[in-house]
Structures are given as C-alpha cells and as structure tokens.
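Undergrad: I have a structure I would like to understand better, so I am pasting it below and will then ask my questions one at a time.
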Amino acid sequence: LDNNLLLTCKGQVEKFPEHIVSFQLNVTFPPEEIIIIGNEFFSNLSMNNDTYNEFECRTSISNPQTQLTIIRQSNDGQKHFDIRYKTSDTYINGINSIKFMLPQIDLSLHENLLTCQAISNIDTSLLTKQVTYVLYVNHKPYFQNFNRSIEVKESQSFNITLEAKAYPMPISYTWFHPTGRQLMNDQLNIFVNQGQLSLINIHRNDLGIYRCIATNSIGYTEVNFTLNVLCTLKKLNES
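Per my numbering, the very first residue in the sequence shown carries number 4; after that it's consecutive.
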C-alpha cells in the first residue's frame, strides 16, 4: 500500500535556486477481511459455562479506523445489542480489534446469528464489512407440545409421534409399555420408529401411562402420556 508515502517534487529554472516541495500521501480504504478469533467454539457452546466465552473481532488493515459492533440476532429475527465488551475499539498498525463476551449462554442463544460489523467513514460515505456466524448451544433433548391424554377404542389402532429437539444430534428414542417392558418392533402389533409409536389392535390391557425417553450425548429427557382404551359393554341376557 502507498498510504503515508512521502512524495517529493523538485523544480529549477536555469540560473535560479532549486525548489523542493514534499507531501504525504493519505490513502483511505476499508478493511478487506474481518474475522472473530475463537469462532471455532461457536459450534460447541455449553450452558452456564463462561470458560470459553471471550472472543475478539479483528479486521485486516484499514485507513481510517473502523467502528466495530457486535450484533446478536435471535431466531425470531430480532436484533440484540446485549454483547458485553471487554475492551473498546483498538487501532494498532492499521488493524482494528475489539474483545467481547456473549450474554449468559442458555438455550435461547441456540442457532442465533452473531455478526461483527465494521463501519468505515470514507469521503463522507459509510462502507460496511461484516462477518456472521451461527451459535450452537449443547443441550439435552426437549419435547414440543403434545397431547398427554389419548383415547382409543378397543380393537382399533393407535399412533403417536413425539418430536424432540437437541444439540448435538442424533437423538435416540426408547419406548416403554405401562407394564414397564420396553416396546420393540414386532411383526404383528408394535411398530417403533424413533419418536413414532404405533400399536395395532389395541386391547384393554394396553391402557395406562406410556413413557418415551429421548437421549443424545448431553443427556436425556423422559415424557409420559396416558392411553385410555374405550371398551364396549356387553349386555347381559335377560333371564
């Protein structure tokens, strides 16, 4: 780069003294690159753990200094300015940097977008350079809302699908009958496929509380639902 280059111009007319004029070249330019140092931890954040929660946004050389801002965008699209800055903007040898910490790490940060934005004011124009990362928070499975009480007529079929969310994947599901035995696929009455359970030809002894356990590498969560079997009353023969 030719920024701060000293230029000298010499001139002389015959029989007159030589004249010299010098000036320094000031080239303005925004940074070409921007990065968050430590971004490899963004895919492996742990809840309530600040051990790896200090980061630095840094740019390549620019002139003049840029204004650095860290922005968090939640899953609903709303932008938040709740980053905790450890230092103010620094500008050393043309390189801009700022150190910061994330808000308290909990499930609300999962899959948020984190952007470091550098704004340069050049010739009255605002030029923006930014980089964006996705935050991933490790957490055990949790279930979406589902019907916790289901009624099925005797001799009919029953089907339920429970969807759990967790990070990291995959999630494994284990189902249990009200008697306590684990439900496994068979060729007649039971079909289990991860969070989906189907029972064919329901009997009255199938009623009760069923359990589903979802597990990933972080932990497990158990939920219950009640199956009520509606039976038909048989009439007694009149004497």
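Glycine included, every Cβ here is placed at the ideal spot set by N, Cα and C.
Treat the numbers as computed from the prediction; the structure is a model and nothing was measured.
If you draw a straight line from the alpha carbon of residue 118 to that of residue 22, how long is it in whole angstroms?
TA: Looking at the two C-alpha atoms, the distance is approximately 53 Å.
Undergrad: Closer than 8 Å is the cut-off here; do at least three beta carbon pairs connect the stretch 172-191 with the stretch 147-158?
TA: At 8 Å Cβ cutoff, the stretches do not touch.
Undergrad: In terms of alpha-carbon separation, which member of 204, 229, 193, 52 lies closest to residue 156?
TA: Answer by Cα proximity: 204.
Undergrad: Express the C-alpha separation of residue 233 and residue 50 in angstroms, rounding to a whole number.
TA: Distance between the alpha carbons of residue 50 and residue 233 is about 45 Å.
Undergrad: At which residues does the beta strand (DSSP E) containing residue 211 begin and terminate?
TA: Start and end: 211-218.
Undergrad: Just to confirm, is the Cβ distance from residue 121 to residue 31 under 8 Å?
TA: In this structure, residue 31 does not lie closer than 8 Å to residue 121 by Cβ.
Undergrad: Using a Cβ-Cβ cutoff of less than 6 Å, which residues in the same chain neighbour residue 211 once the five nearest sequence positions on both sides are dropped?
TA: Here the set comprises 181.
Undergrad: Mapping the DSSP letters down to three states, classify residue 200 as helix, strand or coil.
TA: In the structure shown, residue 200 sits in a strand (DSSP, three-state: E or B).
Undergrad: Residue 39 and residue 60: beta carbons closer than 8 Å?
TA: Yes, the Cβ-Cβ distance between residue 39 and residue 60 is below 8 Å.
Undergrad: At a cut-off of 7 Å, is residue 123 close to the ligand COA when judged by its beta-carbon and the heavy atoms of the ligand?
TA: As far as ligands go, the structure on display features none, and thus does not contain the ligand COA.
Undergrad: Name the residue from 83, 45, 101 whose alpha carbon lies nearest to the alpha carbon of residue 69.
TA: If we check each option's Cα against that of residue 69, 101 comes out closest.
Undergrad: Sort 92, 162, 193, 192 by Cα distance to residue 229 and report the nearest one.
TA: Considering only alpha carbons, the answer is 162.
Undergrad: Return the residue from the list 66, 71, 81 that minimises the CA-CA distance to residue 91.
TA: Of the candidates 66, 71, 81, the one whose C-alpha sits nearest the C-alpha of residue 91 is 71.
Undergrad: Quick check: what's the CA-CA separation for residue 105 versus residue 197?
TA: Approximately 35 Å, taken between the alpha carbons.
Undergrad: Does the beta-carbon of residue 174 have 16 or more other beta-carbons within 10 angstroms, so that it is buried, or is it exposed?
TA: Label assigned to residue 174: buried.
Undergrad: Leaving aside the five residues before and after residue 84 along the sequence, list all residues of the same chain whose C-beta is less than 7 Å from its C-beta, in chain order.
TA: 74.
Undergrad: Would you mind working out which of 178, 220, 76, 172 sits nearest residue 114, comparing C-alpha positions?
TA: Out of 178, 220, 76, 172, 76 has the C-alpha closest to the C-alpha of residue 114.
Undergrad: Have a look at residue 195 and residue 166 and give me their C-alpha separation to the nearest angstrom.
TA: When rounded, the distance between both Cα atoms is 14 Å.
Undergrad: Residue 94 lies in the beta strand (DSSP E); which residues open and close that run?
TA: Taken as a continuous stretch (DSSP letters only), the beta strand (DSSP E) holding residue 94 covers 93-95.
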